[in-house]
Structure formats: structure tokens, C-alpha cells
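Top to bottom, those sequences are chains A and B.
Heads up: the first sequence begins at 75 in the working numbering, then just goes up one per residue.
Heads up: the second sequence begins at 3 in the working numbering, then just goes up one per residue.
Backbone N, C-alpha and C fix where the C-beta goes; we use that ideal spot for every residue, glycine too.
In what follows, a structure is listed as C-alpha cells, so that the remarks can point back to it.
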Amino acid sequence: MTRGAPALEIARKVRDGSVSAAEVVEESLAAIDAVDPEVHAFLIVLHDDARSAAADIDRAVAAGEDPGPLAGVPVAVKDNLCTRGVPTTCSSRILEGWRPPYDATVVERLRAAGAIVMGKTNLDEFAMGSSTENSAFGPTRNPHDLTRVPGGSSGGSAAAVAAGLVPLALGSDTGGSIRQPAALCGVVGMKPTYGTVSRYGLIAFASSLDQVGPLTTTVTDSAALFDAIGGQDLRDSTCLERPAPRSVSVLSDGVEGLRVGVLAELVDDVDPAVAGRVREAAEALAAAGAVVEECSVPELRHGLPAYYLLAPAEASSNLARYDGVRYGLRVEADTVEAMNAATRAAGFGAEVKRRIMLGTYALSAGYYDAYYGQAQKVRTLIVEALESAYRRFDALLGATTPTTAFAIGAKIDDPWAMYLSDVCTVPSNLAGHPAISVPFGADDDGLPVGVQVLAPALGEPVLFRVAAVLEDAAPVAAPPKVHAR
Amino acid sequence: MTGPGPGEAALSAGWEPVIGLEVHCELRTRTKLFCGCRNAFGDEPNTNVCPVCLGLPGSLPVLNAVAVEFAMRIGMALHCEIRPSLFHRKNYFYPDMPKDYQVSQYDAPINVNGWLELPDGSRVGVERAHMEEDTGKTSHIGGGGRIHDAEHALVDYNRAGVPLVEIVSAPDIRSSSQARLYASELRAILVATGASDGRMEEGSMRVDANVSVRPAGKVELGTRCEIKNLNSLRSLGRAIEFEIERQVTLLESGATVVQQTRHWNEDAGETVALRSKEEAFDYRYFPEPDLVPVVPDAGWQAEVAVALGPMPADRRATLAALVGPAHASEARTDQIATVVELGLDGLVTAAAAGGADAGLALARAANEAAADVDAALRLDTAAFTTLVRMEQEATLSATQAKAVLAAMLESGGDPAEIARAKGFEALEESSLATVVAEVVAAHPDEWQRYVEGEDKLVGFFTGKVMRATENRANGKAVAAELNRLRA
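As C-alpha cells, this is what we get:
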């Protein structure tokens, strides 16, 4: 009845009383209970909380009150977003058992919009990774092929949406952590402009790059979820002072006359199957009236190395607080220093330790200028180069990922190969610009391909317009093998 | 330049000490630097805490605008240039630091390039005065409370996130007495700005000293040591003395000074090495990505400047002018310094404006009122003025005036009523005439000389009358009566 339906359709039915929130939630819970043992998208499912929230929505509907624009819509929340009283682990042993005393602003806004939090989803530990294999609680599997990764770090959220367990999920994107898993799982994933969505309650990985965003089955739902969570929050000083955006209203505006650049750097070096889909997408936009041209921003090639200095540098500082003193894991020892060291040695996984060491090194006296300082200059260069490209184009187009979903275990022992998964997505994080990945057909193995649209700061309306046209033009792809139909 | 103070003369000749002070002061904001928790000293441990100042995962700082205003006040009072500024993270592990980094200002502080003029006229440069957050407090339990034998440690995070301003002087100080003068003048300025209460004993003002010595006349600086744990002006002076002597002794014996952080042990009266330069933390400073730059525009700066009252030096000058250069003395200068330091100069200026003698008002404020500062600050200035005038007009004797002031400090009230209640009524004119007549009758020789024109004998007779009336007579009235009798 509502299973697999887009969020806004569910909300409409709940609001007009043709379906109860309780029924929607029961269906979602049943789907999770049936399918998630295979996929492992969720770290915790909130059966009781979800039922009780649904009952509140149904009471509001019965009383004639406005239950919110996302009334009764099940949503999954990445487990690096704080949920009051509910364990929030970042998929790390070091935070196991910790229950935040507060909701992240985005979670608060979801609840206020009537959405129902079904559970917390799996991720690479502290959002560091591109496959969700770096979870202390076991990997998530790609619903299209259970032997493959869902991407990461928001792999749990992407898989939950792809498998039809929930129509909406929240992820976080520091170097591609929403868009890359969205592409690999065949769903829509969007990273907003830095500062449009509050980071309050998002457990920091790299503060100057992190941004919360939606994973959905449709572009319309993506815009609706972005509208619900966006807007200024006085608890986040980096949040922009502007009213909450209204993106849904522009979705049907089309791309007639929009200038779209096809980014050589995001097409030339990717798998031919993926590159082919990007070219088809470009043709589809041209057919819809956009002015499409090839373009090149060579500075983007320096994005990945800069990112892998800046993000670990910030992470090394952000993750210092997990010292065993106040919350989470503590491994007892004779002195405070020994307790700190033992706790961190036992609590963090290999990838997190690698990045803390990288970042600590990059910030050390004598190395700062050569590494962190140099990376900041590259970041500035990339911003300027992209801004210059946006004087000629309204949006840019490219691949989201260099490959489709890879096999579990294929890259886990080769960090550099894994890091390359982010090569197409990091420039938008470095620049603070919005970008979206839209499913666009499949490769020869039937695995989903995502194409990426990039826009300048606060260019969400253009982003969603282009994405909507691509969604309509996308070749029909096979549905996931594992799906709650 | 300040010369050597007491106890400094023993130092080896031919060496010049070079001293710079780093002063941390807690700002008296209602709330903390980055959250809405109460900024209060002495509350139950861990009652003024929230996700932000506990550094809980996901929490973010939001800058307290009042703290920025207080920092600007301090900068303005120290003649600093106020600049667009940035916060950085200073990374190191410490259990009482919730995030294991301190948010502080590094290479872009809000206040730079100021100076402070000491009461002796010497001027000490202020390199910077920047904002940062305070840490929590650790207490070590068991094993006599010493860190290394303690059974466990307890941390109180009430102080974590309390706003601080760190004021870094230039290495312009040349003696321990000048260092004390600087610290004391800085404290007076901090209090005057309203930004801090400057209480060293409560730790709301904490001083670290950088000390080096060099051969007199040499420009190149010697190797310095930083001395911590200076909890009073006395400790500051003693520690610097000790450190200068230690370094001079080392250098004269042909050894070298090792750059170190040293801890002042008050009981032993010595500094001991804490850690050397090689062991110093690498703080890995980088710009705090959770905060945006602080750029106080001209309008905001102007608002803050307008709200800033006169500084201690100006207030001392005002009092000196009121008292008059003719009455200047070392005792007066000390009284002025005391009254300004305690913030009691309002009493004196009000009394002077109300027609009272400024010198007398100053003496009563510096000696009697200063004995109970909190009460003195609550004193009604009009009542104080009346009291000084009563004494000045000899309605009350000095002894009586002091007794009335003590009563006013204790429970307030009108000085005339208090005087009446204490039986300090001034003499009626008729009874004054009787006393004068008696005194004249008792000293016929002096009276004869006075009648023949020896005017200075007025003082003699007035003294006798005063003694006879236990100071209740009005001096002017006595002179008038004597003059009347002579005529």
C-alpha cells in the first residue's frame, strides 16, 4: 500500500487520513525485520519509539491538527547523528553504550515535520571510509548484490532506502559519504551547501567539510527532506543566516536554457561504463533544452590529496575527546595517560587510527606549512577554479564514483585504492558547494550507476531542477535483488 | 624606570633582569564563552555544565558576544589596536579539558600592540590580549592529595569554558618590584573595566612570569624560564627574585640557563623545573572550524568605548587635582592609590562636589571606609558628604566623625542622627562663650599679648577650648568669639 512509495505520497495519505501512520510504521518495521538481517543497514531499530511516534501523528490527524509535511514518513538516521536517549555509536567501540542527552538539530526538525525515526544506520567508523566495512559492528551489504559493498560512509542509510525499508534517510557527507553510497546503491543522495544544514548533533569527522543531507528514492523527496532539515540554527555558528529553503517548488521548472558543463576531470578517469552513462545523461539534458558543453577544471585533480590532509587533520583534533574520561569506553590503567592510550588503542579501529596519525603529523610543528598549510592553499585554488567555471555554467555534470559497487573485501587492505573512491566527490566538500547523485542506469553487471550534478554555493534550486530532468530521462534499471516488495 | 626595590640590592651587579608577564583573567560574564551555562565561582561541582562545555560528541560552540565586548574593553583600556580575529584549537590531552583541545586565539588575537603606564611613570608594552576558554579543575584524592600518589582524581567542569583574556606583556619589566607594580596596576585596570574581578586568591587572575637575565648593557636576550603557580603579588615578587638570583648564579659559575617551565614552590621559596623546551607540548594549532572570524566593526567598538569608564590612572589624577598640588605628599599618594584600587574614589569626588574638603574626604575613604570595602561601596555618597562636612565644620571632632562613619558602614543611616544618638551634639553658642571666657580667664598673660596684637595666639586659645570641650567646639566659632572679646 505505501511500501516503496515516495515519502511525499505517504505524507499526503497520512495527512488526509486515508492511511494511518501506525500502518505505515508497521509496514516499515516488518520490512526491516524481514530484510535487514541480510543487508545489515541498521545498528538499532526503534520499534517502540516508532510506534509511539506514529500514534502521536495519528492523534494529531484525528484532532484536525497539522501533523507536518512529512507526517508518518519513516526515516532512518545515520548513527553519527545524536538521538536523545538512543545509543549513538558512530559504529565505534569507543562510543558503545553512550546515549546522547539531546537530539541533533536535524533530528529535531525531522520530528517536528512529522517524520518517524525508525532506527540508526550503519556507517564506516566515525564516517571514515567508502564501503561501510570500517564499522566495528560488521559491514552493510549492497541490496543489489549482497557480496558487494553499499559504499560509504553512509552505507547503512543508502542500503536502507535502496532495499525499500524506509523512503527517507539522513546521511552525512565529508568527502562523498552521501553521494558515493547513493550511487552504488541506486538511490538519490544530496550534499547541501556548507552552512545550509545545521551540524549541531552531528558527531564531527572534519568540521569544515561535514554536511548532513538526504538519501531518498526520488529527487522530489530529496528536495522535500532538504527543505525539512535546512535553515539557520543558532547552535551552529557556521550555519548561514538565511531562511529555510523551498526547493520542492522549482522541481518542474526544467533545464531549458541552463548552461551545463561536462567536467572532463569527472569523466575521463572513471570506468568506461560509468563514463558512458554520464555522456548519456549529458545528451538527455541537451535534449531537454540545456546548453551542454565540455569543460575542464584541472585544479580538481589536486582535490583528493588536499582532502586527505585536511580531513584527517581536523579529525585528529575532533576525535581527541574520546579519552575514556567522561563517556564511552574506558580501559583502566595506572595513570591517566596510560588510561587514555589504552582506551584509544582498544576503542578505535585501524582506519580511524590511520587518519588520526596522518592528521596529527600534518599539523605537527615543522610540517604544518608543508602539509596542512599547503592543502589549505589547494583548497582555495579549487574554490576559485570552480567559481570561475560557474561564471560560464549554471551547473556541472560528472560521475559520482569512478566505479560501480565493488566486492566486500576488495579494497579493505589497500587504503589508497579505497581513498580513490572519493575522487569525484571531494571537490564539492572542499568548496562547500552542493552536489547530488542521481541514479542513471546500470553497468553491464546490472549494478547501479550514479551521475553527479554540481552547483555553486546556494545553487540547490538549479541542482534539483537538473536532477529532476535526469531522473525522468534515466534508463530503466533492474530493481535491487533484495527489496521489501 | 623603576629602581631596585627592597631585597633587590643583594643581586649581583652587572646583570640586568628581563621580565615579561602573562596574565590570565577570568571575565565576569553571566554565562560561559561558548554556551549558556552559568559562569560562577564556588558552586557545587559539575552543576554548571551542558553538552557544549562538556564537549559531548556533536556539540558546537557559539561565541558569547558579551565576552567579546569585555575583551575589547580590556584592549581599549590597555591602548591596544582591536583587530579582526580568529579562534584556533590548541591540541593537548588533559582530563580537565573536555575536548582535549582548548579554543584560544593564536596568530590573530583581538587586541595587539598596547601599553600600560605604571604609577611611577614607567611604561610596559602589551603585545596582545586574546580570548580563550578556561579548563575544568582536577582534585587528586588519596595519598595526601599529591598527583603521583593519588588514588583517584575528580574533575569539576564548572570552570570549563569560562571566558578568559590572556594579557601578554612585552619583556619590558626590569625588576621584581616593577613586575608587582605592573600586576597590581593591571588588576586595577581589569576591575575598572568591569570585565574581571581580578581576584588572585580565587584564581580569577593568574600570573606567569618569563624571566631571563643578561649582562647589563647588552641588547641580546638571555635564555628565559617561565614560572608558573604565582598565586599572589607576594609570590610573584619572591619567585622573580629567586629566579633572577638562580640564573645569575648559574651564569657566573660558567653554566648556562636551560629554557624551561618552572613551578614556584611557595613553602620552599624556590622554583623547580617542570619541563624543558624539548619536552614542551606540540600544540598543533589550527583554525577552529566550528567558529567564524570575530570582526568587531567600528560601530560595535564605539559602543564599547562609550561604556568604558575612566581608568585608574585618570581617576588618580582626578583625585590628586581635587586634593590640590599644594597638599601633595607621599601619604596622600598612597591614600589616592588605595581609594582608586578599591573603587572608593566615587565617595571622594561626590564629597568634594558636595562642598566637603577633598583631602579630609580622601583620608576618611582611604583609612576608615577602606577597612570595610563592601560596606563602603554601598555607602550613600550624600550621607558620606554630610559626615565629612560635619567634621570639617567642627560639628564633630575627628574621633567622633570616625565613630559615626563606622556606624554608617555597619548599618547605614543619617550621620546627624547617629551623632545625636551617640551624644555628639555640638556645643550651643552660649556654652561656647562660657568655655572661651573661662579659658581666657585662666591665661591672663597670653590674653594680654593677644589683645596687644599677637594674632597667632588664636591657635593657643582654640587648642585649650578644644581640649576643654573634648573637640566638640567649632574652630571658626572659637576664633570669632575671641575676636569679639578682644574688640
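(Q) With H, G and I counted as helix, E and B as strand and the rest as coil, what does DSSP make of residue 173(A)? (A) coil
Q: Determine, using beta carbons only, whether residue 101(B) comes closer than 9 Å to chain A.
A: yes
Q.
Taking DSSP's pairing of strands, which residues face residue 469(A) in a bridge?
A. 334(A)
(Q) Which residues of the region 292-320 of chain B have a Cβ closer than 9 Å to any Cβ of chain A? Give them in chain order. (A) 292, 293 and 294
Q) To the nearest angstrom, how far is it from the Cα of residue 112(B) to the Cα of residue 223(B)? A) 27 Å
Q. Taking 9 Å as the CB-CB limit, is residue 182(A) close to chain B?
A. no
Q) Are the C-beta of residue 517(A) and some C-beta of chain B separated by less than 9 Å? A) no
Q: Give the range of the beta strand (DSSP E) segment to which residue 277(B) is assigned.
A: 272-278
Q) When you compare only the Cα positions, how much space is there between residue 531(A) and residue 477(A)? A) 27 Å
Q) Contact between the region 15-32 of chain B and the region 279-292 of chain B: three or more CB pairs below 8 Å? A) no
**Q.** CB contact below 9 Å: residue 367(A) versus chain B
**A.** no
Q. Would you say the region 167-187 of chain A touches the region 441-457 of chain A, given that touching needs at least three Cβ pairs under 8 Å?
A. Short answer: they don't touch.
Q. For residue 525(A) versus residue 329(A), is the C-beta spacing smaller than 9 Å?
A. no
Q. Is it a yes or a no for the region 545-559 of chain A touching the region 504-522 of chain A, going by three-plus beta-carbon pairs under 8 Å?
A. These segments touch.
(Q) If distances are taken between C-alpha atoms only, which option among 368(A), 207(A), 116(A) and 113(A) comes closest to residue 467(A)? (A) 368(A)
Q) When the cut-off is 9 Å and only beta carbons count, does residue 359(B) lie next to chain A? A) Any Cβ of chain A closer than 9 Å to the Cβ of residue 359(B) would place that residue at the interface, and such an atom is absent.
Q) Are residue 52(B) and residue 39(B) closer than 9 Å when you measure CB to CB? A) yes
**Q.** residue 456(B), DSSP secondary structure in three states
**A.** coil
**Q.** Coarse secondary structure for residue 48(B), derived from DSSP in three states
**A.** coil
**Q.** At least three beta-carbon pairs within less than 8 Å, the region 296-312 of chain A to the region 264-272 of chain A
**A.** yes
Q.
Taking its Cβ as the centre, do 16 or more other Cβ atoms sit within 10 Å of residue 446(B), making it buried, or is it exposed?
A. exposed
Q) Does the beta carbon of residue 405(A) come closer than 9 Å to any beta carbon on chain B? A) no
Q.
What would DSSP say about residue 246(A), mapped onto helix, strand or coil?
A. strand
(Q) Just to confirm before moving on: does the CB-CB distance between residue 282(B) and residue 264(B) stay below 9 Å? (A) no
(Q) For residue 247(A), would you say it is in contact with chain B, using Cβ-to-Cβ distances shorter than 9 Å as the test? (A) no
Q | Same chain only: Cβ atoms within 6 Å of residue 480(B), ignoring 5 sequence neighbours per side | A | 464 and 467
Q | Candidates 232(B), 266(B), 72(B) and 271(B), of which the one nearest residue 25(B) by Cα | A | 232(B)
Q) According to DSSP, which residues form a beta bridge with residue 263(B)? A) 228(B) and 277(B)
Q) Rounded to whole angstroms, how far is the Cβ of residue 197(A) from the Cβ of residue 224(A), which I believe are closer than 8 Å? A) 10 Å between Cβ atoms; not a contact.
(Q) With a threshold of 9 Å between beta carbons, is residue 434(A) in contact with chain B? (A) Between residue 434(A) and chain B, the shortest Cβ-Cβ separation is below 9 Å.
**Q.** Cβ neighbour criterion (16 or more within 10 Å) applied to residue 363(A)
**A.** exposed
Q) Are the Cβ atoms of residue 444(A) and residue 384(A) separated by less than 9 Å? A) Residue 444(A) places its beta carbon 9 Å or farther from that of residue 384(A).
Q | Distance, residue 360(A) Cα to residue 227(A) Cα | A | Computed Cα separation, rounded: 33 Å.
Q | chain B contact for residue 275(A) (CB, 9 Å cutoff) | A | So yes, residue 275(A) belongs to the interface.
Q | Residue range of the beta strand (DSSP E) that includes residue 190(A) | A | From DSSP, the beta strand (DSSP E) with residue 190(A) extends over 190-195.
Q. For residue 310(A), which residues in chain B fall below 7 Å Cβ to Cβ?
A. 62
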